[in-house]
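Structure first, then comments.
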Amino acid sequence: MKLNSADFQRGGFNEEDAMHVIKSLEELGVDLLEISGGTYENIVFLTNRYQRESTRQREAYFMDFAHEIRKESKIPLMITGGFRSLKFCESVLKNNELDLIGFARPFLVEADFPKRFLQSPDSRVKDAEFDFKIKQLRDMAEGGWYDYQIYRLAQGEDLEMDYNPYSAVLRMTWNEMKRGWFRF
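Per the working numbering, the sequence shown starts with residue 908, numbered consecutively.
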């Protein structure tokens, strides 16, 4: 089961609400819980490189909440997102902070990601690079670029690693506008 830890909206779903849901899921016998978070208005997982240093040092998104879950529940936990070093991944698993670690975006940047990542204890995830001075535009370009790569894979096409990040922003904005127009 995938559960949003919080939607980051005033008066919206928060971590306390999520904890109530987790306890109910555990009672129902759910065998794995993946924690995620954010909304299109506040996408906490868009990028890792541009976060505060304290957040980067923790690496994984939602680890603080995972620690709170561990205090209250025995449900197996998984987090996808933000993991950058093999050492940190191994530490999290060894210390029983999580039961599984998920990766997504690294597979879009490196076809042989698992092999390379597991070969050296000093391995780090490679990210696509975007050189935008305006953070919001950079975040949109990154999200749009990854979105486009996933779309290509779903269509059976090869990745387009040199896809223009400006085009990614325009494509993502256009697609979101179309989705909004056709709702009515």
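Ideal Cβ positions, reconstructed from N, Cα and C, are used throughout, including at glycine.
Residue i (DSSP reduced to helix, strand or coil)
{"i": "E941", "result": "strand"}
{"i": "S912", "result": "coil"}
{"i": "G1087", "result": "helix"}
{"i": "G1009", "result": "strand"}
{"i": "R1031", "result": "strand"}
{"i": "M985", "result": "strand"}
{"i": "S992", "result": "strand"}
{"i": "S980", "result": "coil"}
{"i": "D1065", "result": "coil"}
{"i": "I1041", "result": "coil"}
{"i": "E1036", "result": "coil"}
{"i": "E1017", "result": "coil"}
{"i": "G936", "result": "coil"}
{"i": "A967", "result": "coil"}
{"i": "N1082", "result": "helix"}
{"i": "F920", "result": "coil"}
Distance between beta carbons of residue j and residue i, contact taken as under 8 Å
{"i": "I982", "j": "E941", "result": "Not really, about 11 Å apart at Cβ, beyond 8 Å."}
{"i": "M1079", "j": "M1047", "result": "6 Å"}
{"i": "T988", "j": "A967", "result": "The sequence given here has Gly at residue 988, not Thr. At roughly 7 Å, the Cβ-Cβ gap stays under 8 Å, so G988 and A967 are in contact."}
{"i": "N998", "j": "S1030", "result": "One detail in the question is off: residue 998 reads as Ser in this sequence, not Asn. Contact flag wrong, Cβ pair sits at about 14 Å."}
Nearest neighbour of residue i, chosen from the options [CA to CA]
{"i": "L1005", "options": "F1089, F990, L1015 and I1057", "result": "F990"}
{"i": "K1038", "options": "E1049, V1032, R1031 and S1030", "result": "The question names Lys, yet the displayed sequence has Asp at residue 1038. Measuring from the Cα of D1038, the nearest candidate turns out to be E1049."}
{"i": "D971", "options": "E997, L939, K994 and E922", "result": "E922"}
{"i": "Y1058", "options": "F1020, N1082 and E1036", "result": "N1082"}
{"i": "L939", "options": "A973, F920 and D924", "result": "A973"}
{"i": "F1024", "options": "I976, E1036 and F1010", "result": "F1010"}
{"i": "N1002", "options": "D924, F1020 and R977", "result": "R977"}
{"i": "E975", "options": "G1063, D924, L1077 and C996", "result": "D924"}
{"i": "A1035", "options": "V928, D1019, S943 and M1068", "result": "M1068"}
Beta carbon of residue i nearer than 8 Å to that of residue j
{"i": "L1015", "j": "M985", "result": "no"}
{"i": "E979", "j": "M908", "result": "no"}
{"i": "Y1053", "j": "R1086", "result": "no"}
{"i": "Q1056", "j": "L1044", "result": "no"}
{"i": "V969", "j": "S912", "result": "The sequence given here has Phe at residue 969, not Val. Yes, the pair counts as a contact, with Cβ atoms nearer than the cut-off."}
{"i": "E1017", "j": "K994", "result": "no"}
Residue i burial status per 10 Å Cβ neighbour count (16 or more: buried)
{"i": "P1028", "result": "exposed"}
{"i": "I1041", "result": "exposed"}
{"i": "F1089", "result": "exposed"}
{"i": "G1051", "result": "buried"}
{"i": "P1072", "result": "buried"}
{"i": "A1075", "result": "buried"}
{"i": "N955", "result": "Here the model assigns N955 a pLDDT of 45, short of 50, so the residue's position is not dependable and the matter cannot be decided."}
{"i": "A1061", "result": "exposed"}
Cutoff 8 Å: residue i Cβ touching any chain C Cβ
{"i": "H974", "result": "Among the chains of the structure shown, chain C does not appear; only one protein chain is present."}
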